[in-house]
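The next block holds one structure in the form of structure tokens; read it before the comments.
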Amino acid sequence: MNTHNPNGFFHRARPYAGEALHRPEFKRPAAVRTLTSQSLFQGEHEIGIDHAGSLYRLKITRQGKLILNK
1 MNTHNPNGFF
11 HRARPYAGEA
21 LHRPEFKRPA
31 AVRTLTSQSL
41 FQGEHEIGID
51 HAGSLYRLKI
61 TRQGKLILNK
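Right under this line is the structure:
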């Protein structure tokens, strides 16, 4: 038995794959400067980042993921 009320949901049609490129308000993102984690860490597993007077720690976990802590 279906118990949901379809009038309680707001449905929006999804645009076709290329439709967003043709809308006038769509802007392409600016190029982002990209660095490799290898160049940042240089063999270490943790680095410090000073940002606006606060120290952040960026770590590589055993599973190879990145974690940022304040």
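For the sequence shown, position 47 (counting from the first letter as 1) is numbered 47 according to UniProt numbering, and the numbering increases by one without interruption. Idealized CB from N, CA, C, for every residue including glycine.
Taking only the alpha-carbon atoms, compute the straight-line gap between residue i and residue j and give it to the nearest angstrom.
i	j	result
Ser54	Asn69	11 Å
Phe26	Glu46	38 Å
Ile65	Gly43	Here residue 65 turns out to be Lys, not Ile, going by the sequence shown. Their Cα atoms are separated by approximately 15 Å.
Phe41	Arg28	31 Å
residue 118	Ile67	Residue 118 lies beyond the stretch modelled for the chain, which goes from 1 to 70, so this question has no answer here.
If I follow the unbroken alpha helix (DSSP H) through residue i, where does it start and stop?
i	result
Leu35	From DSSP, Leu35 is part of no alpha helix (DSSP H); its letter is neither H nor E.
Check whether the Cβ atoms of residue i and residue j lie closer than 8 Å to each other.
i	j	result
Ser39	Ile60	no
Ile49	Leu35	no
So residue i is in the beta strand (DSSP E); what residue range does that whole segment cover?
i	result
His51	Glu46 to His51
Lys59	Ser54 to Ile60
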